[in-house]
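For the protein sequence lines, the chains are A and B, in the order given.
Just add 46 to the spot in the first sequence (first one is 1) and you have this note's numbering.
Just add 23 to the spot in the second sequence (first one is 1) and you have this note's numbering.
Step one of this worksheet: look at the structure below.
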Amino acid sequence: MNPRELARRVLELRLWQHLINEEMKRGRFRIPIHAAFGHESLAVALSEVLAPADQLALTHRNMAYQFARARAFEPVYREYLLDPAGACGGRLGSMNLTQPSRGIVYASSILGNNLPVAGGLAFAHKLRGTGAVVFALTGDGAMEEGVFYETLLFARSHQLPLAVLIENNDHSLASRIAERRSPVGTAALAASLDIPFLPLSGNDPAVYGQTLARARGAAQSGPVVIEARVRTFCNHAGATPGWATDPRRISLSEGLVIEPSWEDPAYGAALLLGGEASVYIESLVARTSGLLAMPLEESCLSR
Amino acid sequence: MSQPVTATYLATVQAALARTISAAMASQTPLVQMGENIDKGSCICGLTRHLPGILTNIGNCELTHAGTGFGLMMNGARCVLYMKQLDFLLLALDQLANTMQFVRAQGAPVDGSFTIAAIVCDQGLQGPQSSFQGLNGICSTVRADGFAPVAKVELERIIAAQLLRPGFRILAFSQRLFSAPVADLPLLWEARDQSCFQFAEGRDATIACFSFTLDSGAELAARMMAGGRSASLFSLHPVAPHRWERVVDDAARTGRLIVFDGGKETLSPAHKLAAQVLLAAPGVRLDIHTREDATNDAVSDDRFAPPLEELALCR
Numbered sequence: 047m048n049p050r051e052l053a054r055r056v057l058e059l060r061l062w063q064h065l066i067n068e069e070m071k072r073g074r075f076r077i078p079i080h081a082a083f084g085h086e087s088l089a090v091a092l093s094e095v096l097a098p099a100d101q102l103a104l105t106h107r108n109m110a111y112q113f114a115r116a117r118a119f120e121p122v123y124r125e126y127l128l129d130p131a132g133a134c135g136g137r138l139g140s141m142n143l144t145q146p147s148r149g150i151v152y153a154s155s156i157l158g159n160n161l162p163v164a165g166g167l168a169f170a171h172k173l174r175g176t177g178a179v180v181f182a183l184t185g186d187g188a189m190e191e192g193v194f195y196e197t198l199l200f201a202r203s204h205q206l207p208l209a210v211l212i213e214n215n216d217h218s219l220a221s222r223i224a225e226r227r228s229p230v231g232t233a234a235l236a237a238s239l240d241i242p243f244l245p246l247s248g249n250d251p252a253v254y255g256q257t258l259a260r261a262r263g264a265a266q267s268g269p270v271v272i273e274a275r276v277r278t279f280c281n282h283a284g285a286t287p288g289w290a291t292d293p294r295r296i297s298l299s300e301g302l303v304i305e306p307s308w309e310d311p312a313y314g315a316a317l318l319l320g321g322e323a324s325v326y327i328e329s330l331v332a333r334t335s336g337l338l339a340m341p342l343e344e345s346c347l348s349r
Numbered sequence: 024m025s026q027p028v029t030a031t032y033l034a035t036v037q038a039a040l041a042r043t044i045s046a047a048m049a050s051q052t053p054l055v056q057m058g059e060n061i062d063k064g065s066c067i068c069g070l071t072r073h074l075p076g077i078l079t080n081i082g083n084c085e086l087t088h089a090g091t092g093f094g095l096m097m098n099g100a101r102c103v104l105y106m107k108q109l110d111f112l113l114l115a116l117d118q119l120a121n122t123m124q125f126v127r128a129q130g131a132p133v134d135g136s137f138t139i140a141a142i143v144c145d146q147g148l149q150g151p152q153s154s155f156q157g158l159n160g161i162c163s164t165v166r167a168d169g170f171a172p173v174a175k176v177e178l179e180r181i182i183a184a185q186l187l188r189p190g191f192r193i194l195a196f197s198q199r200l201f202s203a204p205v206a207d208l209p210l211l212w213e214a215r216d217q218s219c220f221q222f223a224e225g226r227d228a229t230i231a232c233f234s235f236t237l238d239s240g241a242e243l244a245a246r247m248m249a250g251g252r253s254a255s256l257f258s259l260h261p262v263a264p265h266r267w268e269r270v271v272d273d274a275a276r277t278g279r280l281i282v283f284d285g286g287k288e289t290l291s292p293a294h295k296l297a298a299q300v301l302l303a304a305p306g307v308r309l310d311i312h313t314r315e316d317a318t319n320d321a322v323s324d325d326r327f328a329p330p331l332e333e334l335a336l337c338r
């Protein structure tokens, strides 16, 4: 896909996450919601790479993927409100939200829980010879669960079409990796199981897309592990800032870019689009804000 | 109530499994039968020997096996996971509870199926571990259907109806009974959801059996008959919601309820049944025999042994 179109989609996801975050600040939701500020490039790239029969098994922090696959704000927003008009009729909420018609068939709030389920989904594709690949999202916290290793072993033993995508944000609940465990060499771990490994970093959705397409191709004949370096800018759950002394500051009124660095996907996207970025965001806001009882300040559009 | 003995329990399980799976082979739905040593070595104590179709040997990661089964089911395949011991299923509780809950919350019926067929090690002393007998507890915790068939007709009908039925359930088989004569009891009535099988209707007592105690219940009924009295005999399985009206009505009629439960849960379904009976008929006399107090398995014989002679003589 055209890099500029990918950049537009990154900003689209960022804006929609901002809107959800603003609604969380207002206490509009009765369910736990985990925003994914910083995960947008990966979500956009993966969404582009998926073939029609491919499937996604997500984690609790799935907001970016939900928006990327829905290409719309309202179904996800209404699901978070537990509205019958939501993507799943208001039954599944946030952490377990699926959109089967768009390939998201499972999402789990339990660390590592989605991995073997994804293996089973992949097993069924293999039996039917569909050629489809199942992408299972996971993280550096879930890697600590035994089921991570179990699933890789099982998938490799049976050569399942499974791509395990690790979003390594060096963050699990409120702890960094160095604060809770020894490091894991994911590449070496995958190599020990004779599983191809592909690293991702830099937040360029075009580059991500190329790598994920390679991973998808390889996964058609057996499991693949991909590890993406991600920085999650928001709190573990709920709004950011979430309390009076919260050091994290995310506000729509301060613009879509949270941090002027390549760690922030919106930064790269805005740079690429240049002056078009603000025009594009304005058009998005015009389409979206009417859904919310939320006056959006003009300043947010131009930064 | 004396029963003709014509076959071993194990042979009957095998025959019923083979017949059910052969029928499934004729369909286009992918069928995955997996288990550790499923077609090697002992074939899970003989449970899977001579099964037709493709058998997939798998390693030692029960949590992953359970998740895989649910994934297969969600994508429309049929999966049977054979397991040597129900103990191993404890490793899979996250999948049983959380993934099962997700499946339920989807609201739509599933086309695929996932059945766990596990052996319960209830044959006696195993040491401090390896004798988990909590099918009722697992099914209650994860809100899944469970079946622990003992009589020949239960085995055949439950396996035929449940093994590949869309959705999820657990089938459990008693290792203690593998080498025992099969109980070929005449079937009087069967609940539509197979939660309850009735084998006899009597005047003097109602015998309700949970968790592989039907052989004890049948023996008690036979002893009572030899003493000139008769008893109704039921086999109950943990299918939620519990619909035990027929047992409750029968106990209200006979005035005496004898409940056996071979499970080791401290919260036995026997107590729930007794409460239902007392609510419906406060005057009913209760005899409840569970293993709630089985706290020292390591040094005990560890078998369910109700006082049958005493119960048969007691009026």
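For each residue, glycine too, the CB sits at the ideal point set by N, CA and C.
Within 10 angstroms of the Cβ of Thr232 of chain A, are there 16 or more other Cβ atoms? Answer buried if so, exposed if not.
-> buried
Residues sharing a beta bridge with Met48 of chain B, DSSP = Note: Met48 of chain B sits in no beta bridge, so no partner.
Check the DSSP bridge columns for Met57 of chain B and list the partner residues they point to.
-> B:Thr79, B:Leu104
Can you list, in chain order, the stretches of the alpha helix (DSSP H) that have 4 or more residues and sit fully within the segment 134-210 of chain B?
-> 158-165, 175-185
Skipping 5 residues on each side, what residues in its chain have a beta carbon closer than 8 Å to that of Asp267 of chain A?
-> Reading off the sequence shown, one finds Ser at residue 267 of chain A, where the question assumed Asp. Around Ser267 of chain A: Gln205, Pro207.
Closest Cβ-Cβ distance between Gly185 of chain A and chain B: below 8 Å?
-> no
Whole alpha helix (DSSP H) runs in the segment 203-284 of chain B with 4 or more residues, listed along the chain?
-> 237-249, 268-277
Closest Cα partner of Glu328 of chain A within the set A:Leu302, A:Arg107, A:Pro98, A:Ala131 | A:Leu302
Which whole-angstrom value is the C-beta distance of Leu54 of chain B and Gly76 of chain B, which I expect to be below 8 Å?
-> 6 Å
Among A:Ala81, A:Arg137, A:Leu96, which one has its Cα closest to the Cα of Asn263 of chain A?
-> The sequence given here has Gly at residue 263 of chain A, not Asn. Of A:Ala81, A:Arg137, A:Leu96, the residue nearest in Cα terms is A:Leu96.
Per the contact definition of three or more C-beta pairs closer than 8 Å, is the segment 111-122 of chain B in contact with the segment 150-157 of chain A?
-> yes
Thr286 of chain A versus Gly286 of chain B: straight-line alpha-carbon distance, rounded | 50 Å
Alpha carbon to alpha carbon, what distance is there between Leu317 of chain A and Arg349 of chain A?
-> The predicted position of Arg349 of chain A is uncertain, since its pLDDT is 39 and thus under 50; a value taken from the coordinates is nonetheless stated next. Their backbone Cα atoms lie some 12 Å apart in a straight line.
Euclidean distance between Cα positions of Ala103 of chain A and Asp310 of chain B | 50 Å
Please check the pair Ser255 of chain B and Ile230 of chain B, which I expect to be a contact at CB under 8 Å, by giving their CB distance rounded to whole angstroms.
-> 7 Å
Cβ shell of Gly139 of chain A (< 6 Å), same chain only, five flanking positions each side left out = Ile77
Taking only beta-carbon atoms, is Ile79 of chain A less than 8 Å away from chain B?
-> no
For Pro132 of chain B, is the classification buried or exposed, using 16 other Cβ atoms within 10 angstroms of its Cβ as the cut-off for buried?
-> exposed
Are the segment 244-259 of chain A and the segment 57-72 of chain A touching by the rule of at least three beta carbon pairs closer than 8 Å?
-> no
Under 8 Å from the C-beta of Gly99 of chain B: neighbouring residues of chain A = Ala170
Proximal chain A residues relative to Thr122 of chain B, where beta-carbon distance stays under 7 Å | Asn159, Val163
Just how far apart, CA to CA, sit Pro172 of chain B and Arg180 of chain B?
-> 9 Å
Which chain B residues are close to Asn142 of chain A, counting only those with a beta carbon under 8 Å from its beta carbon?
-> Phe125, Ala128
Nearest to His80 of chain A by alpha carbon, out of A:Arg295, A:Glu51, A:Asn281?
-> A:Asn281
Going along chain A in order, which residues have a C-beta closer than 7 Å to the C-beta of Leu95 of chain B?
-> Gly166, Phe169, Ala170
Does any CB atom of chain A fall closer than 8 Å to the CB of Gln56 of chain B?
-> no
Rounded to a whole number of angstroms, what is the C-alpha to C-alpha distance between Gly73 of chain A and Trp308 of chain A?
-> 31 Å
If you draw a straight line from the C-alpha of Gly284 of chain A to the C-alpha of Trp212 of chain B, how long is it?
-> 54 Å
For the beta strand (DSSP E) holding Phe243 of chain A, just list the boundary residues, first then last.
-> 243-246
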